[in-house]
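Working notes, beginning with the structure itself.
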Amino acid sequence: MTKGVVKAIIENLVQVEVSGPVSQNEICYIELGSVRLMAEVIKVLGNIAYTQVFESTRGLKPGAKVEFTEHMLEVKLGPGMLSKSYDGLQNDLNKMDGVFLKRGDYTDPLDEDSVWDFTPLLKAGDKVSGGDWLGSVPESWISHKIMVPFALTGEYTIKSIAESGNYKLTDTIAVLTDEDGNDIDVNMIQRWPVKIPIKCYEEKPRPFKLLETGVRTLDTLNPMVEGGTGFIPGPFGAGKTVLQHSISKNAEADLIIFAACGERANEVVEIFVEFPQLDDPRTGRKLMERTIIICNTSNMPVAAREASVYTAMTIAEYYRNMGLRVLLLADSTSRWAQALREMSNRMEELPGPDAFPMDLTAIVSNFYARAGFVYLKNGETGSITFIGTVSPAGGNLKEPVTESTKKAARCFYALSQSRADSKRYPAVDPIDSYSKYLEYAEVIENLNNNINPNWVESVLHTKDLLLRGREAQEQINILGDDGVPLSYHDRYWKSELVDRTILQQDAFDDIDSSTPMKRQEYMLKLVLDLCEKDFVFESFEEVMPYYMKIVNVLKQINYVKFQSAEFNSYMDDLHKIVEERSAN
Amino acid sequence: MATQAFQKIYTKLNQITKATCSVKATDVGAEELATVGGRLAQVVKIVEDDVTLQVFAGTEGIGTDAEVIFFGKAPTLKVGTELAGRFFNAYGDPIDGGPEIDGIEVEIGGPSVNPVRREQPSELIATGIAGIDLNNTLVTGQKIPFFADPDQPYNEVMAMVALRAQSDKIILGGMGLSNDDYLFYKHAFENAGVIDRIISFMNTTEDPTVERLLVPNMALSAAEYFAAEHNEKVLVLLTDMTLYCDALSIVSNRMDQIPSKDSMPGSLYSDLAKLYEKAVQFPEGGSITIIAVTTLSGGDITHAIPDNTGYITEGQLFLKRDTDISKTVVDPFRSLSRLKQLVIGSKTRADHPQVMNTAVRLYADAANAKTKLENGFDLSDYDERVLEFAKEYSNDILAIDVNVDTDTMLDIAWELFQKYMKKEEIGIRDDLMNIYWKKA
Numbered sequence: 001m002t003k004g005v006v007k008a009i010i011e012n013l014v015q016v017e018v019s020g021p022v023s024q025n026e027i028c029y030i031e032l033g034s035v036r037l038m039a040e041v042i043k044v045l046g047n048i049a050y051t052q053v054f055e056s057t058r059g060l061k062p063g064a065k066v067e068f069t070e071h072m073l074e075v076k077l078g079p080g081m082l083s084k085s086y087d088g089l090q091n092d093l094n095k096m097d098g099v100f101l102k103r104g105d106y107t108d109p110l111d112e113d114s115v116w117d118f119t120p121l122l123k124a125g126d127k128v129s130g131g132d133w134l135g136s137v138p139e140s141w142i143s144h145k146i147m148v149p150f151a152l153t154g155e156y157t158i159k160s161i162a163e164s165g166n167y168k169l170t171d172t173i174a175v176l177t178d179e180d181g182n183d184i185d186v187n188m189i190q191r192w193p194v195k196i197p198i199k200c201y202e203e204k205p206r207p208f209k210l211l212e213t214g215v216r217t218l219d220t221l222n223p224m225v226e227g228g229t230g231f232i233p234g235p236f237g238a239g240k241t242v243l244q245h246s247i248s249k250n251a252e253a254d255l256i257i258f259a260a261c262g263e264r265a266n267e268v269v270e271i272f273v274e275f276p277q278l279d280d281p282r283t284g285r286k287l288m289e290r291t292i293i294i295c296n297t298s299n300m301p302v303a304a305r306e307a308s309v310y311t312a313m314t315i316a317e318y319y320r321n322m323g324l325r326v327l328l329l330a331d332s333t334s335r336w337a338q339a340l341r342e343m344s345n346r347m348e349e350l351p352g353p354d355a356f357p358m359d360l361t362a363i364v365s366n367f368y369a370r371a372g373f374v375y376l377k378n379g380e381t382g383s384i385t386f387i388g389t390v391s392p393a394g395g396n397l398k399e400p401v402t403e404s405t406k407k408a409a410r411c412f413y414a415l416s417q418s419r420a421d422s423k424r425y426p427a428v429d430p431i432d433s434y435s436k437y438l439e440y441a442e443v444i445e446n447l448n449n450n451i452n453p454n455w456v457e458s459v460l461h462t463k464d465l466l467l468r469g470r471e472a473q474e475q476i477n478i479l480g481d482d483g484v485p486l487s488y489h490d491r492y493w494k495s496e497l498v499d500r501t502i503l504q505q506d507a508f509d510d511i512d513s514s515t516p517m518k519r520q521e522y523m524l525k526l527v528l529d530l531c532e533k534d535f536v537f538e539s540f541e542e543v544m545p546y547y548m549k550i551v552n553v554l555k556q557i558n559y560v561k562f563q564s565a566e567f568n569s570y571m572d573d574l575h576k577i578v579e580e581r582s583a584n
Numbered sequence: 001m002a003t004q005a006f007q008k009i010y011t012k013l014n015q016i017t018k019a020t021c022s023v024k025a026t027d028v029g030a031e032e033l034a035t036v037g038g039r040l041a042q043v044v045k046i047v048e049d050d051v052t053l054q055v056f057a058g059t060e061g062i063g064t065d066a067e068v069i070f071f072g073k074a075p076t077l078k079v080g081t082e083l084a085g086r087f088f089n090a091y092g093d094p095i096d097g098g099p100e101i102d103g104i105e106v107e108i109g110g111p112s113v114n115p116v117r118r119e120q121p122s123e124l125i126a127t128g129i130a131g132i133d134l135n136n137t138l139v140t141g142q143k144i145p146f147f148a149d150p151d152q153p154y155n156e157v158m159a160m161v162a163l164r165a166q167s168d169k170i171i172l173g174g175m176g177l178s179n180d181d182y183l184f185y186k187h188a189f190e191n192a193g194v195i196d197r198i199i200s201f202m203n204t205t206e207d208p209t210v211e212r213l214l215v216p217n218m219a220l221s222a223a224e225y226f227a228a229e230h231n232e233k234v235l236v237l238l239t240d241m242t243l244y245c246d247a248l249s250i251v252s253n254r255m256d257q258i259p260s261k262d263s264m265p266g267s268l269y270s271d272l273a274k275l276y277e278k279a280v281q282f283p284e285g286g287s288i289t290i291i292a293v294t295t296l297s298g299g300d301i302t303h304a305i306p307d308n309t310g311y312i313t314e315g316q317l318f319l320k321r322d323t324d325i326s327k328t329v330v331d332p333f334r335s336l337s338r339l340k341q342l343v344i345g346s347k348t349r350a351d352h353p354q355v356m357n358t359a360v361r362l363y364a365d366a367a368n369a370k371t372k373l374e375n376g377f378d379l380s381d382y383d384e385r386v387l388e389f390a391k392e393y394s395n396d397i398l399a400i401d402v403n404v405d406t407d408t409m410l411d412i413a414w415e416l417f418q419k420y421m422k423k424e425e426i427g428i429r430d431d432l433m434n435i436y437w438k439k440a
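From first to last, the protein sequence lines are chains A and B. Be aware that the first sequence starts at 1, since it is given in this note's numbering, and climbs by one per residue. Be aware that the second sequence starts at 1, since it is given in this note's numbering, and climbs by one per residue.
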């Protein structure tokens, strides 16, 4: 083990004089009295290693002893991670004593004494390689696969494998023999460095399958797909976090990993409080049972914030390799970028735009590239869908983090201040936002097959209606209500119909908060049929009140159970209103 | 803070800038406190035996032979129940002529609360101001700033909120406060007879700028003591955070750091978050609620200070002058309390959320109608009615001089709906309409 001595301290950047070899990103521990502070090497100059400390360095003095560990920042993977809350370095927050966090308090992410009911999936003599499923244990409601450690490259033969039964995490459940005849004991735990993607899969095709989120403005207008990437930029107060929470509550995923990265602690508390209460609509279990939280709130150390998104991604990749659909949400990636900026600044690197590091775009792209839909070696599929939020400075989308992310992510859900101001939630701008997946032939095919044969066509038609509505509105604003033909009012209010009844959604209403695809299809057809109708108006003053009446009924419809008696009675109301002014 | 025996004294400064100086010294820890020529200073950088100190009171008149004495500890505050009713400077020394505090010494800017040990804020703070209670309900454990232009009466409104809110302690952290404003707060608290609940840490414009960097942490350490040790509900008022940030940028500039947006340090977000995130609801019942003031320049919220603040705090409050009624109102469009969802409709009447949204929507329609009017277009019947509605809504509910409870605010709103609007223009769920929409 290489040892070193602290030479210089500038906030959490500590220079260490080393006596032996060190590697980039190696983890070391700095002694400060009775506690050991974890740090990562981020630059080496001669015999000086520059380390970023994951804790406050208050009281640290030159001369403090440092011990290097010969490994990079790793996560510990195994059964028992579901419904846990970790900090950015994967310490189990619930295992820490006291109300306040203590420096150097590192806790075990897994419960080493826990016992799991192991069932082998392979037998002695089988050939395996990294990532292959040796067996499975039930973890909550998922079948957690015990895999050949990802770090084992090459081919191995199973020498022995444990029989079905209860085993501790640390018990050997298989012995593998490598090509040279060396035996390797495998238990249920494996470690993996967070900055390196886990690649034990066969291939990564273009994603093609819709990922339902229950949020209409996403699913209907700009769909997310399994294994897709997207980002939500928006000024503060525009509802980024509420939107992400809605997605996490209703998305059709097996597992949700929530990286609260440099954001408000009370928002994480909301998840802690709500998720154990909320039912997962598909399994009937509690939402918390499919959730892992990586929580590095804004007041927690900056360097650990940078690590937290990688920790979350690595855990996502681990579960993906079990053939699960993982949804990874990060709030907010701007805070992560800022953490990079703070370190780059302390290292006195030449700054890029807005003092962000020059390689920001590359770092962001590499991270988004770790998402995706994969075929595993055994033919099963798994996916990581990644949606990050971006908090652009001043709400201005022409800033480095938004621009870098735009290059990497395929879906863009722009939250608009003006929509938020007029309480049009979710404030996703229907015209600026896009989903590149709507251009994928395989996605179009999938949507049309599963929803209805004309689905994508009607979605594009809806977008046109919205765009034409906005143009009409601009004309009305410029020329005045009576300065434009009556049809402009009609056109504008048709787009309002779509906006107010399809796009706007009450995230806090029990029924309206999540709309299944079947209901979305029904509603879109209903609204588009209304938009096709020619209503008769004498003057522009009649247009708004009439459409408001329709909007009002449609909103009531959104608030009641699909196709219930109430629903049908509102539908009757709607038909009566439509009759009033129908041209034919 | 008195010096203690057996301390090494250094007398050779090798670098002096406006806010920092450096000295060759050994066995010094990061963030350690020291005095330089009798002025308090804090270690900000150590490179081998070269120690850079930030001198809070500035370095004017400091000589290269000034005495540097290290304390071996980070800045501390003595906490105890006798803090109540007292006024202190930025170092936690009394400025009211009273005795020194004889309490437990705690390091300021200490560790944060483990997120899993936090409770979800759930207790409403009633202020009687409808712009807050109805539209932007505050909750204990929340952190929220007023974004105000210098000409707006933010200190008055904040004092009003502080005095009306039910809290066990009010801690005022004044940064760059003018002496006049300091006296305003002092008198307001004295007149209300609540001085025994007040603790005040003051850095006025007469004091050195960099000193104010200590104020928020002093105030919050005192708050943590009362909230965590005594389970009290503590309200912390911080004014003005813009001046705090200015001090941050001065120090970072002197340290040769590369500035990011608006000449602010790149770490501004983390620096502010460390303070604001001290707002917390403890499991034992104590809470820290932070109400701050961030002054804007010409209402520009895209400036780095309000922008970063907005991403940290749980909402923001704007004041505006409503010329139709000649009163100051809490702006219903731009103001937002993020935690209101935790209490409205559950701790308040069930119709609260929908009434709130509907009223704001109608108010927005009135703003559009006003634009139409200004552009010389004819108004529709609907426009005329929303304009009338907005005027009364502003006068009877939004104005900050209105002081009624939430149920009354809701009743007034329903009355106004019924007076000016048609049933189908309201868009509230039918089950609520059936209760509150009185049949004519």
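Glycine included, C-beta positions come from ideal geometry on N, C-alpha and C. All figures in this text were calculated on a predicted structure; none of them were measured in a lab.
Residue i to residue j span [Cα, whole Å]
{"i": "Tyr559 (chain A)", "j": "Ile502 (chain A)", "result": "12 Å"}
{"i": "Val5 (chain A)", "j": "Tyr368 (chain A)", "result": "37 Å"}
{"i": "Asp149 (chain B)", "j": "Lys45 (chain B)", "result": "36 Å"}
{"i": "Ala84 (chain B)", "j": "Ser140 (chain A)", "result": "51 Å"}
{"i": "Cys411 (chain A)", "j": "Arg206 (chain A)", "result": "14 Å"}
{"i": "Leu214 (chain B)", "j": "Met147 (chain A)", "result": "53 Å"}
{"i": "Cys21 (chain B)", "j": "Leu110 (chain A)", "result": "48 Å"}
{"i": "Asp105 (chain A)", "j": "Ala39 (chain A)", "result": "13 Å"}
{"i": "Phe71 (chain B)", "j": "Thr358 (chain B)", "result": "59 Å"}
{"i": "Thr371 (chain B)", "j": "Ala19 (chain B)", "result": "50 Å"}
Pair within 8 Å by beta-carbon distance, residue i and residue j
{"i": "Pro554 (chain A)", "j": "Cys531 (chain A)", "result": "One detail in the question is off: residue 554 (chain A) reads as Leu in this sequence, not Pro. Contact flag unset, no."}
{"i": "Gly176 (chain B)", "j": "Leu243 (chain B)", "result": "yes"}
{"i": "Ile232 (chain A)", "j": "Val326 (chain A)", "result": "no"}
{"i": "Val16 (chain A)", "j": "Val66 (chain A)", "result": "yes"}
{"i": "Leu37 (chain A)", "j": "Ile30 (chain A)", "result": "yes"}
{"i": "Asp126 (chain A)", "j": "Lys377 (chain A)", "result": "no"}
{"i": "Met343 (chain A)", "j": "Gln52 (chain A)", "result": "yes"}
{"i": "Arg470 (chain A)", "j": "Ser495 (chain A)", "result": "yes"}
Residues sharing a beta bridge with residue i, DSSP
{"i": "Met38 (chain A)", "result": "A:Tyr29"}
{"i": "Gln190 (chain A)", "result": "A:Leu77"}
{"i": "Ile198 (chain B)", "result": "B:Ile170"}
Neighbourhood of residue i by C-beta, 7 Å cutoff - its chain only, sequence neighbours within 5 removed
{"i": "Ala2 (chain B)", "result": "Note that Ala2 (chain B) scores a pLDDT of 48, beneath 50, so its modelled location is shaky and nothing firm can be said."}
{"i": "Ala41 (chain B)", "result": "Ala34, Thr35, Leu53, Gln54, Val55 and Phe56"}
Close-in-space but distant-in-sequence residues of the same chain around residue i (CB under 6 Å, 5 per side omitted)
{"i": "Glu566 (chain A)", "result": "Val560"}
{"i": "Thr172 (chain A)", "result": "Asp185 and Asn187"}
{"i": "Glu107 (chain B)", "result": "Ala74 and Thr76"}
Beta-carbon proximity list for residue i, same chain, < 8 Å, skipping 5 on both sides
{"i": "Tyr488 (chain A)", "result": "Ala472, Gln475 and Ile476"}
{"i": "Asp396 (chain B)", "result": "Val402, Ile412 and Leu416"}
{"i": "Lys549 (chain A)", "result": "Ile577"}
Presumed contact (8 Å Cβ cut-off) between residue i and residue j, rounded CB distance
{"i": "Glu306 (chain A)", "j": "Leu340 (chain A)", "result": "6 Å"}
{"i": "Lys249 (chain A)", "j": "Leu278 (chain A)", "result": "6 Å"}
{"i": "Met288 (chain A)", "j": "Ser56 (chain A)", "result": "Rounded, the Cβ-Cβ distance is 31 Å, inconsistent with contact."}
{"i": "Trp414 (chain B)", "j": "Val343 (chain B)", "result": "About 20 Å; that fails the 8 Å criterion."}
{"i": "Val268 (chain A)", "j": "Pro216 (chain B)", "result": "Not confirmed; about 23 Å, so no contact."}
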